[in-house]
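**Student:** Residue numbers (this note's numbering): 5 to 230.
(1) Taking only three categories from DSSP, how would you classify residue 129?
(2) Decide if the region 184–199 is in contact with the region 130–145; the criterion is three or more beta carbon pairs, one per stretch, under 8 Å apart.
(3) Given residue 37, which residues of its chain have a CB within under 8 Å of its CB, disregarding the five upstream and five downstream residues?
(4) Going by DSSP, what residues sit across from residue 172 in a beta bridge?
(5) CB-CB under 8 Å to residue 79, same chain, minus the five flanking residues each way: which ones, in chain order?
(6) Taking residue 157 and residue 23 to be in contact with their CB atoms under 8 Å, please state how far apart those CB atoms are, rounded to whole angstroms.
(7) Can you tell me whether residue 42 is helix, strand or coil according to DSSP?
(8) How is residue 206 classed by DSSP in three states: helix, strand or coil?
(9) What's the C-alpha gap between residue 51 and residue 218?
(10) Given this structure, state the Cα-to-Cα distance separating residue 121 from residue 184, to the nearest angstrom.
(11) What are the boundary residues of the alpha helix (DSSP H) that includes residue 150?
(12) Starting from residue 16, follow the alpha helix (DSSP H) in both directions and report where the run begins and ends.
(13) At the level of alpha carbons, what is the spacing between residue 181 and residue 110?
(14) Mapping DSSP to helix, strand and coil, what is residue 1?
(15) So what does residue 81 bridge to, in DSSP terms?
(16) Using DSSP with H/G/I as helix, E/B as strand and the rest coil, what is residue 185?
(17) Would you mind sorting residue 97 into buried or exposed? The rule is 16 or more other CB atoms within 10 Å of its CB.
(18) To the nearest angstrom, how far is it from the Cα of residue 203 to the Cα of residue 12?
(19) In this structure, does DSSP put residue 136 in helix, strand or coil?
(20) Determine the contact status of residue 118 and residue 189, defining contact as a CB-CB distance below 9 Å.
(21) From 176, 133, 125, pick the residue whose C-alpha is nearest to that of residue 146; which is it?
This is the structure in structure tokens:
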């Protein structure tokens, strides 16, 4: 039995689906169809193909997540295979270079390198974030947009009015950060400085999660007077 060739239009649409899952996952087929203005049948065809090639998988809902009546919708996330691998040789070289730097000079040299990278992020993004004004939702969205332009597939989502969740579906230095978490730690400090508020990194791609997640508090919830 011969395989059916995928035409250019089909391949382009499938790439859009894959990229959106990287950016927004966990995401349902209905959400993807709405975002891309495609039929449910078309989305499910692309999801099935991406599952067959191991690029997406279904994330199980937590028991703590409230559900309505009926069967819960499947939510899709990207696997490591879905992320671009073009920089693998560079990543391997960078890991070796940082390892040698740590051996020859000491761990403080690796820390300094990570901080230099974070300082460059501050320099690149500060004006854009500041232009968004004082509102933290707007500042987080501006940071998300800037990160996406640099290849991080980022998005920001409000959480109950008290916080914003900044997600990065892709990390250009993921393979290096897996060996040197100092890069993630310095990046988190840069986000805090850019936004002007303490933030907390909840998960990282380098740590094996499907997305980097940063919690950004907007207001401190207070109990009303009884």
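Here a beta-carbon is modelled for each residue, glycine too, at the ideal position from N, C-alpha and C.
**Tutor:** Let's see:
(1) Of the three classes helix, strand and coil, the one that applies to residue 129 here is helix, per DSSP.
(2) Touching, per the Cβ criterion.
(3) Same-chain partners within the cutoff: 43, 44, 46, 47.
(4) In DSSP, residue 172 forms a bridge with 158, 216.
(5) Non-local C-beta neighbours of residue 79 in its own chain, meaning closer than 8 Å and more than five positions away in sequence, comprise 29, 30, 31, 32, 62, 63, 65, ordered along the chain.
(6) Taking 8 Å as the upper bound for CB-CB distance, residue 157 and residue 23 are in contact here, some 7 Å apart.
(7) Residue 42 carries a coil assignment under DSSP once its states are collapsed to helix, strand and coil.
(8) Residue 206: strand per DSSP, three-state reduction.
(9) Rounded to the nearest angstrom, the two C-alpha atoms are 27 Å apart.
(10) If you take the alpha carbons of residue 121 and residue 184, they lie about 13 Å apart.
(11) That run of the alpha helix (DSSP H) goes 140–153.
(12) Taken as a continuous stretch (DSSP letters only), the alpha helix (DSSP H) holding residue 16 covers 12–28.
(13) It is roughly 18 Å from the alpha-carbon of residue 181 to the alpha-carbon of residue 110.
(14) This structure gives no information on residue 1, because the portion of the chain shown stretches from 5 to 230.
(15) As a beta-bridge residue in DSSP terms, residue 81 pairs with 61.
(16) Three-state result, residue 185: coil.
(17) Answer is exposed; the Cβ neighbour count stays below 16.
(18) In a straight line, the C-alpha of residue 203 is about 42 Å away from that of residue 12.
(19) In the structure shown, residue 136 sits in coil (DSSP, three-state: anything other than H, G, I, E or B).
(20) A contact, by the Cβ cut-off of 9 Å.
(21) It is 133 whose Cα lies nearest to the Cα of residue 146.
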